[in-house]
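Q:
There are 2 protein chains.
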Amino acid sequence: MRQPLTRELTNLLERGRDRQLRLAVTGLSRSGKTAFLTSLVNQLRHAGLEARLDLMPAARQGRLLGARRVSQPDLGVPRFPYDQAMAALDADPPRWPAPTRGISELRLSIRYRPARRGLLRGDTAELALDLFDYPGEWLLDLPLLGHDYPSWSRAMLASAGQQRRALLADWQAAAAELDPAAEADEARLAEVAQRYAESLQAAREAGFANLQPGRFLLPGDLDGAPVLQFFPLPAILEADDTELARLPAESVYATLAARFRHYQQHIVRPFYRDHFRRFDRQIVLVDVLGALNAGPERFEDLGQALGTLMQSFDYGKRSLLSRLFAPRIDRLAIAATKADHVTPEQHTALTELLEALLAEPLKDLRYANVPVKALSLAAIRTTEAREVVHQSQRSPALRGTTLEGEEVLVFPGEVPARLPEAEFWARQGFDFRAFRPAPREDGALPHIRLDAALDWLIGDKLR
Amino acid sequence: MRQPLTRELTNLLERGRDRQLRLAVTGLSRSGKTAFLTSLVNQLRHAGLEARLDLMPAARQGRLLGARRVSQPDLGVPRFPYDQAMAALDADPPRWPAPTRGISELRLSIRYRPARRGLLRGDTAELALDLFDYPGEWLLDLPLLGHDYPSWSRAMLASAGQQRRALLADWQAAAAELDPAAEADEARLAEVAQRYAESLQAAREAGFANLQPGRFLLPGDLDGAPVLQFFPLPAILEADDTELARLPAESVYATLAARFRHYQQHIVRPFYRDHFRRFDRQIVLVDVLGALNAGPERFEDLGQALGTLMQSFDYGKRSLLSRLFAPRIDRLAIAATKADHVTPEQHTALTELLEALLAEPLKDLRYANVPVKALSLAAIRTTEAREVVHQSQRSPALRGTTLEGEEVLVFPGEVPARLPEAEFWARQGFDFRAFRPAPREDGALPHIRLDAALDWLIGDKLR
Numbered sequence: 001m002r003q004p005l006t007r008e009l010t011n012l013l014e015r016g017r018d019r020q021l022r023l024a025v026t027g028l029s030r031s032g033k034t035a036f037l038t039s040l041v042n043q044l045r046h047a048g049l050e051a052r053l054d055l056m057p058a059a060r061q062g063r064l065l066g067a068r069r070v071s072q073p074d075l076g077v078p079r080f081p082y083d084q085a086m087a088a089l090d091a092d093p094p095r096w097p098a099p100t101r102g103i104s105e106l107r108l109s110i111r112y113r114p115a116r117r118g119l120l121r122g123d124t125a126e127l128a129l130d131l132f133d134y135p136g137e138w139l140l141d142l143p144l145l146g147h148d149y150p151s152w153s154r155a156m157l158a159s160a161g162q163q164r165r166a167l168l169a170d171w172q173a174a175a176a177e178l179d180p181a182a183e184a185d186e187a188r189l190a191e192v193a194q195r196y197a198e199s200l201q202a203a204r205e206a207g208f209a210n211l212q213p214g215r216f217l218l219p220g221d222l223d224g225a226p227v228l229q230f231f232p233l234p235a236i237l238e239a240d241d242t243e244l245a246r247l248p249a250e251s252v253y254a255t256l257a258a259r260f261r262h263y264q265q266h267i268v269r270p271f272y273r274d275h276f277r278r279f280d281r282q283i284v285l286v287d288v289l290g291a292l293n294a295g296p297e298r299f300e301d302l303g304q305a306l307g308t309l310m311q312s313f314d315y316g317k318r319s320l321l322s323r324l325f326a327p328r329i330d331r332l333a334i335a336a337t338k339a340d341h342v343t344p345e346q347h348t349a350l351t352e353l354l355e356a357l358l359a360e361p362l363k364d365l366r367y368a369n370v371p372v373k374a375l376s377l378a379a380i381r382t383t384e385a386r387e388v389v390h391q392s393q394r395s396p397a398l399r400g401t402t403l404e405g406e407e408v409l410v411f412p413g414e415v416p417a418r419l420p421e422a423e424f425w426a427r428q429g430f431d432f433r434a435f436r437p438a439p440r441e442d443g444a445l446p447h448i449r450l451d452a453a454l455d456w457l458i459g460d461k462l463r
Numbered sequence: 001m002r003q004p005l006t007r008e009l010t011n012l013l014e015r016g017r018d019r020q021l022r023l024a025v026t027g028l029s030r031s032g033k034t035a036f037l038t039s040l041v042n043q044l045r046h047a048g049l050e051a052r053l054d055l056m057p058a059a060r061q062g063r064l065l066g067a068r069r070v071s072q073p074d075l076g077v078p079r080f081p082y083d084q085a086m087a088a089l090d091a092d093p094p095r096w097p098a099p100t101r102g103i104s105e106l107r108l109s110i111r112y113r114p115a116r117r118g119l120l121r122g123d124t125a126e127l128a129l130d131l132f133d134y135p136g137e138w139l140l141d142l143p144l145l146g147h148d149y150p151s152w153s154r155a156m157l158a159s160a161g162q163q164r165r166a167l168l169a170d171w172q173a174a175a176a177e178l179d180p181a182a183e184a185d186e187a188r189l190a191e192v193a194q195r196y197a198e199s200l201q202a203a204r205e206a207g208f209a210n211l212q213p214g215r216f217l218l219p220g221d222l223d224g225a226p227v228l229q230f231f232p233l234p235a236i237l238e239a240d241d242t243e244l245a246r247l248p249a250e251s252v253y254a255t256l257a258a259r260f261r262h263y264q265q266h267i268v269r270p271f272y273r274d275h276f277r278r279f280d281r282q283i284v285l286v287d288v289l290g291a292l293n294a295g296p297e298r299f300e301d302l303g304q305a306l307g308t309l310m311q312s313f314d315y316g317k318r319s320l321l322s323r324l325f326a327p328r329i330d331r332l333a334i335a336a337t338k339a340d341h342v343t344p345e346q347h348t349a350l351t352e353l354l355e356a357l358l359a360e361p362l363k364d365l366r367y368a369n370v371p372v373k374a375l376s377l378a379a380i381r382t383t384e385a386r387e388v389v390h391q392s393q394r395s396p397a398l399r400g401t402t403l404e405g406e407e408v409l410v411f412p413g414e415v416p417a418r419l420p421e422a423e424f425w426a427r428q429g430f431d432f433r434a435f436r437p438a439p440r441e442d443g444a445l446p447h448i449r450l451d452a453a454l455d456w457l458i459g460d461k462l463r
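Below, the structure written as structure tokens:
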């Protein structure tokens with residue numbers, strides 16, 4: 001994936017002159033990455049015309065002239081499928097775009113009029129904005145680099161809650177029968193590994209997020225390769241590390257440990273080395289409402305997953321990992337997505353809940369002097385805020401179309417501004433509905449506060 | 001894909017003691033690679049018991065004791081899906097296994113009794129047989145390494161026959177409108193590239209084989225990446241290379257040329273460097289009967305494709321390419337597959353036709369002193385040879401079940417022993433039917449001359 005020197009040099013020079021910015025978008029699956037990136041590109045392409053970007057000074061002052069797609073520098077990275085995403089939104093009935101798998105990229109050339117007047121009035125400048133989209137699940141693999149195979153096995157087996165454990169039960173029963181010292185039976189290991197991958201998949205479908213190893217969920221071309229066929233070995237819990245290390249290369253233990261190391265070296269490290277290290281700015285999207293819907297165990301699991309994920313940005317902790325993969329990220333945004341799925345007066349609570357969920361990692365990041373902003377937004381707004389009068393009382397409501405195509409007028413419920421406690425979960429459930437996108441009108445996509453996110457992420461480069 | 005040094009060393013040592021052999025199986029799509037590899041593994045696993053391997057002296061003499069699957073050395077290469085293939089053959093009704101995509105690998109440990117008696121009678125030895133399966137289409141990309149972008153464009157535009165040209169017409173009309181000097185429009189190039197990939201796909205479905213670039217047909221994780229979005233540029237035909245070279249980096253020409261170079265460096269070379277160079281022996285499978293069915297233009301196209309493909313093995317030609325990627329291959333087999341689709345007395349003609357089709361590359365290989373053997377075989381026999389008596393004349397026939405499930409008794413026609421000439425095509429068509437596998441009985445899969453192929457490829461290592 002290395003570029004020829006001349007291209008690297010050009011990139012470096014452009015970056016030096018503030019003319020290039022590498023902005024990465026991530027989030028766990030279903031957090032709304034594809035909708036976010038689609039809308040972001042759409043807003044910038046319509047900037048100066050129909051886009052409503054009032055929270056972006058450069059746009060409000062009429063200095064943002066527009067953007068066009070240009071050739072991306074990384075030829076081996078799939079292009080972000082903007083046209084396909086727009087086609088889905090334009091379909092009848094409109095559909096959510098298909099989620100991206102793995103990393104994708106798109107370069108925009110943004111034209112703007114600098115606020116500082118040059119010698120010639122009316123001068124325009126260009127900013128090359130490289131957009132990257134990658135699965136947040138990949139960042140969950142970072143801690144795996146700090147483990148060896150026995151310690152990773154122990155950490156995995158200790159971490160699951162009750163519901164997660166139930167999903168893992170089948171696999172765990174099969175894995176518990178494996179003797180670390182026995183000679184590895186290729187077909188048997190493949191079978192147990194397959195069950196492990198299936199239980200991760202089932203856990204994800206049940207709403208869990210804190211799943212390792214991340215690539216087991218989206219194997220791509222590596223489907224069926226031994227490097228994706230390892231798992232925690234329950235028998236290790238009672239074993240002694242020195243004795244394990246003496247087992248021959250053909251043993252179950254040594255076979256799985258070798259695959260674990262290969263995964264570290266050839267799957268996790270290359271992502272950090274070739275991509276992550278090179279991002280300038282980052283936005284992390286979080287589906288807080290979805291986790292509220294899914295109940296206390298999954299909500300807590302999301303908090304843990306995000307804590308793990310944010311470690312990748314915490315280059316304040318001078319650990320071995322952070323020294324190896326120190327990113328150049330100088331601005332970070334954390335956004336609760338799908339804000340259009342609750343009524344507007346709940347948006348502040350949504351942001352506060354996100355901050356509460358991320359309290360620990362946010363403290364660390366602020367201590368490490370990484371500028372970070374939390375906000376709530378809807379990349380593509382699907383509902384309209386209304387008021388309902390009931391027994392002469394006005395109350396807020398949303399009008400929208402459900403995924404099944406039913407038009408509804410609802411009050412989806414209150415978002416707690418703090419982490420909900422046990423009694424709270426018992427007293428009140430959540431039931432936020434999922435809406436589908438509205439039929440599209442001309443002009444830019446409707447959104448909520450995408451402009452605020454954009455201004456935080458690129459606004460200072462458009463001065 | 002590099003292995004740790006210790007593994008490389010162990011491999012080298014095992015190879016040095018004749019205890020390891022890397023056998024590669026290739027062929028263009030639908031040539032029967034998956035069936036071949038499945039049956040090969042099946043025969044070796046049943047060796048010493050039910051397998052009928054009379055053409056293999058080691059088996060005939062009762063010295064071949066069996067084989068078991070062990071861990072493969074390359075952890076990043078998908079494992080050949082033997083169990084899934086056997087499950088398809090065991091289904092009711094039996095199905096052909098799903099074709100593999102890309103490279104896959106499987107290691108067998110073969111146990112045998114050496115013919116040379118040791119001090120102790122009854123001593124057994126083991127041979128580690130690494131089996132690789134990869135698309136023949138990848139070898140069609142070798143000549144691409146000898147081109148720069150303008151010469152490749154010219155070669156591609158010149159080579160198509162009439163029917164191929166018709167399939168390319170749509171794409172060519174769109175590509176002809178592109179001005180090499182114009183600034184590249186990212187979305188437009190992606191669209192024309194998409195049409196090119198679709199026309200390659202259509203050509204393959206219509207039975208053509210000589211298609212470049214090979215990865216456009218099976219993009220995998222690179223789907224949507226710019227490196228798979230180039231194509232020959234018709235306007236180059238009248239352009240001057242020096243002038244082209246002066247065009248700026250943003251031009252259509254320079255953009256496509258950069259992607260072409262990236263494809264050479266990051267897609268074609270790594271396969272030769274990481275895999276091809278390391279194979280010890282190779283079998284190339286050819287669906288001669290399918291090409292006879294498809295008519296003269298496609299039959300000729302197959303001949304050209306095979307000529308191109310065989311260049312990869314011709315390390316006698318001391319070209320730059322062969323010096324860079326000199327394989328260690330010391331034995332080569334060429335096999336016409338699906339021999340069970342014609343009556344037994346046609347098998348000799350089938351082999352002769354294969355040799356005629358490959359006359360030029362076979363001459364080169366023999367001159368270069370590469371031991372090569374041509375044969376016809378059926379990896380999984382689907383028919384039974386019968387005789388039909390009609391007006392007191394006996395004639396050969398086949399009994400089998402068509403893909404649609406119809407039981408038939410047919411004489412599929414005569415295979416010409418020499419390259420058919422124009423008048424021959426006009427006089428007589430071919431119509432070999434495709435059969436589905438028979439319901440499986442216990443024991444090894446039925447086959448025709450798979451044992452002969454096996455003996456040529458590994459027999460000398462079992463002495």
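Going down the list, the protein sequences come from chains A and B.
Note that full-length UniProt numbering gives residue 405 to position 405 of the first sequence, counting from 1, and the numbers run on in steps of one.
Note that full-length UniProt numbering gives residue 231 to position 231 of the second sequence, counting from 1, and the numbers run on in steps of one.
Beta carbons are placed, not taken as given, at the ideal position from N, Cα and C, and that holds for glycine.
Rounded to whole angstroms, what is the Cα-Cα separation between GLN20/A and GLU387/A?
A: Here the question's residue 20/A lines up with position 20 in the first sequence. Here the question's residue 387/A lines up with position 387 in the first sequence. Cα-Cα distance, rounded: 45 angstroms.
Q: Are the Cβ atoms of LEU139/A and SER31/A separated by less than 8 angstroms?
A: Here residue 139/A is taken as the residue at index 139 of the first sequence, counted from 1. Here residue 31/A is taken as the residue at index 31 of the first sequence, counted from 1. No, these two residues do not count as a Cβ contact at 8 angstroms.
Q: Just how far apart, CA to CA, sit THR383/A and TYR196/A?
A: The count along the first sequence starts at 1 and reaches residue 383/A at position 383. The count along the first sequence starts at 1 and reaches residue 196/A at position 196. Rounded to whole angstroms, THR383/A to TYR196/A spans 39 angstroms at the Cα level.
Q: Between ARG79/A and chain B, is any beta-carbon pair separated by less than 8 angstroms?
A: By 1-based counting over the first sequence, the position of residue 79/A is 79. Closer than 8 angstroms to some Cβ of chain B, the Cβ of ARG79/A qualifies, so yes.
Q: Measuring alpha carbon to alpha carbon, tell me which residue in ARG331/B, THR124/B, GLU198/B is nearest ASN369/B.
A: Taking the first residue of the second sequence as 1, we reach residue 369/B at position 369. The option with the nearest alpha carbon to ASN369/B is ARG331/B.
Q: Relative to the alpha-carbon of ALA225/A, which residue among ARG101/B, LEU419/B, VAL415/B, ASP314/B has its alpha-carbon at the smallest distance?
A: Translated into positions along the first sequence, residue 225/A becomes position 225. Of the candidates ARG101/B, LEU419/B, VAL415/B, ASP314/B, the one whose C-alpha sits nearest the C-alpha of ALA225/A is ARG101/B.
Q: Tell me, please, whether the CB atom of GLN20/A is closer than 8 angstroms to any CB atom in chain B?
A: Locating residue 20/A in the first sequence gives position 20, where the first residue counts as 1. Not one chain B Cβ lies under 8 angstroms of GLN20/A.
Q: Run through chain B and tell me which residues come within less than 9 angstroms of SER190/A, C-beta to C-beta.
A: Along the first sequence, one-based indexing puts residue 190/A at 190. The residue asked about is misnamed: residue 190/A is Ala in this sequence, not Ser. Neighbours of ALA190/A on chain B, chain order: ARG79, ASP83.
Q: Could you check whether the Cβ of ARG386/A sits closer than 7 angstroms to any heavy atom belonging to the ligand ADP?
A: Looking at this structure, you won't find the ligand ADP or any other ligand, since it has none at all.
Q: Report yes or no: do three or more beta-carbon pairs, one from the segment 300-309 of chain B and one from the segment 135-155 of chain B, lie closer than 8 angstroms?
A: Result yes; three or more Cβ-Cβ pairs closer than 8 angstroms.
Q: Please classify LYS363/B: does DSSP put it in a helix, a strand, or coil?
A: Taking the second sequence and counting its residues from 1, the one referred to as residue 363/B is at position 363. DSSP places LYS363/B in helix when its eight states are reduced to three.
Q: Which term fits GLY303/A, buried or exposed, when burial requires 16 or more other beta carbons within 10 angstroms of its beta carbon?
A: Counting from one through the first sequence, the residue named residue 303/A turns up at place 303. With 16 or more other Cβ atoms within 10 Å, it is buried.
Q: Are the C-beta of ARG318/A and some C-beta of chain B separated by less than 8 angstroms?
A: Against the first sequence, residue 318/A aligns to sequence position 318. With a pLDDT of 46 at ARG318/A, under the threshold of 50, the modelled position of that residue is not reliable, and the figure given next carries that caveat. Closer than 8 angstroms: no.
Q: Rounded to a whole number of angstroms, what is the C-alpha to C-alpha distance between GLN194/B and ALA175/B?
A: For the purposes of this step, residue 194/B is taken as residue 194 along the second sequence, with counting starting at 1. For the purposes of this step, residue 175/B is taken as residue 175 along the second sequence, with counting starting at 1. Roughly 11 angstroms between the two C-alpha positions.
Q: Determine the chain B residues that contact GLY290/A at a beta-carbon separation under 7 angstroms, and present them in chain order.
A: Position 290 of the first sequence, counted from the first residue, corresponds to residue 290/A. Per Cβ cutoff of 7 angstroms: no residues; GLY290/A is ~27 angstroms from chain B at best.
Q: When you compare each of PRO114/B, ASP170/B, LEU28/B to ILE103/B by their alpha carbons, which one comes out closest?
A: Translated into positions along the second sequence, residue 103/B becomes position 103. The candidate whose alpha carbon is nearest that of ILE103/B is LEU28/B.
Q: Under three-state DSSP, which class holds THR383/A?
A: As a position in the first sequence, residue 383/A is number 383, starting the count at 1. Residue state, collapsed to three classes: coil.
Q: Kindly indicate which residue of ALA59/A, LEU237/A, HIS275/A has the alpha-carbon position closest to the one of LEU454/A.
A: Taking the first residue of the first sequence as 1, we reach residue 454/A at position 454. With distances taken between Cα atoms, LEU454/A lies closest to ALA59/A.
Q: Rounded to whole angstroms, what is the Cα-Cα separation between LYS373/B and GLN84/A?
A: Position 373 of the second sequence, counted from the first residue, corresponds to residue 373/B. Position 84 of the first sequence, counted from the first residue, corresponds to residue 84/A. Using only the alpha carbons, I get a separation of about 50 angstroms.
Q: Below 8 angstroms CB to CB, which residues in the same chain sit around PRO412/B once its five sequence neighbours on both sides are set aside?
A: For the purposes of this step, residue 412/B is identified with residue 412 of the second sequence, where counting begins at 1. Correct list, in chain order: HIS341, VAL342, THR343, LEU398, ASP431, PHE432, ARG433.
Q: Please list the terminal residues of the continuous beta strand (DSSP E) segment that includes PHE132/B.
A: On the second sequence, position 132 is the one that residue 132/B refers to. Taken as a continuous stretch (DSSP letters only), the beta strand (DSSP E) holding PHE132/B covers 125-135.
Q: Please list the partners that ARG259/A has in chain B, where partner means a Cβ-to-Cβ separation under 8 angstroms.
A: Position 259 of the first sequence, counted from the start, is the residue given in the question as residue 259/A. Ordered by position in chain B, the residues that pass the 8 angstroms Cβ test against ARG259/A are LEU75.
Q: Tell me the DSSP secondary structure of PHE435/A in three-state form.
A: Within the first sequence, numbered from 1, the residue matching residue 435/A stands at position 435. Strand.
Q: State the start and end residues of the unbroken alpha helix (DSSP H) segment that holds PRO57/B.
A: Locating residue 57/B in the second sequence gives position 57, where the first residue counts as 1. Unbroken alpha helix (DSSP H) run through PRO57/B: 57-60.
Q: When DSSP labels each residue in this structure, what does GLN72/A get in the three-state scheme?
A: As a working note, residue 72/A is residue 72 in the first sequence. Correct three-state label for GLN72/A: coil.
Q: Beta-carbon of GLN72/B versus every beta-carbon of chain E: anything under 8 angstroms?
A: Reference to chain E is not applicable here, since the protein chains of this structure are A and B.
Q: Against ARG69/B, what residues of chain A qualify as contacts under a CB-to-CB distance less than 8 angstroms, listed in chain order?
A: Residue numbering aside, residue 69/B sits at position 69 when the second sequence is read from its first letter. Under the 8 angstroms cutoff, chain A gives GLU186, ALA187.
Q: Can you grab the Cα-Cα spacing for the pair ALA249/B / PRO73/A, in whole Å?
A: Locating residue 249/B in the second sequence gives position 249, counting from the first residue. Locating residue 73/A in the first sequence gives position 73, counting from the first residue. For ALA249/B and PRO73/A, the distance between alpha carbons rounds to 12 angstroms.
Q: Taking LEU398/A as part of the beta strand (DSSP E), name the residues at either end of that continuous run.
A: Residue numbering aside, residue 398/A sits at position 398 when the first sequence is read from its first letter. Residues 393-401.
Q: Under 8 angstroms between the Cβ atoms of LEU189/B and GLN229/B?
A: Here residue 189/B is taken as the residue at index 189 of the second sequence, counted from 1. Here residue 229/B is taken as the residue at index 229 of the second sequence, counted from 1. A contact, by the Cβ cut-off of 8 angstroms.
Q: Considering just the uninterrupted stretch of the beta strand (DSSP E) at GLY104/A, what are its terminal residues?
A: Taking the first sequence and counting its residues from 1, one reaches residue 104/A at position 104. Contrary to the premise, residue 104/A reads as Ser rather than Gly in this sequence. Segment 104-112, the beta strand (DSSP E) holding SER104/A.
Q: Any Cβ of chain A within less than 8 angstroms of the Cβ of GLY214/B?
A: Residue mapping note: residue 214/B aligns to position 214 of the second sequence, counting from 1. Chain A contact via Cβ: absent.
Q: Looking at the unbroken beta strand (DSSP E) that takes in LEU376/A, where does it start and where does it end?
A: Sequence index remark: in the first sequence, residue 376/A carries index 376 (1-based). Sequence inspection shows Ser at residue 376/A; the Leu mentioned does not correspond to that position. Its beta strand (DSSP E) spans residues 372-376.
Q: Along the chain, where does the beta strand (DSSP E) that runs through LEU354/B open and close?
A: Counting from 1 along the second sequence, the entry for residue 354/B is found at position 354. Counting along the chain, LEU354/B falls outside any beta strand (DSSP E), though it belongs to the alpha helix (DSSP H) covering 347-357.
Q: Would you call the CB atoms of ILE236/B and ARG154/B closer than 8 angstroms?
A: By 1-based counting over the second sequence, the position of residue 236/B is 236. By 1-based counting over the second sequence, the position of residue 154/B is 154. In contact: ILE236/B and ARG154/B (Cβ atoms closer than 8 angstroms).
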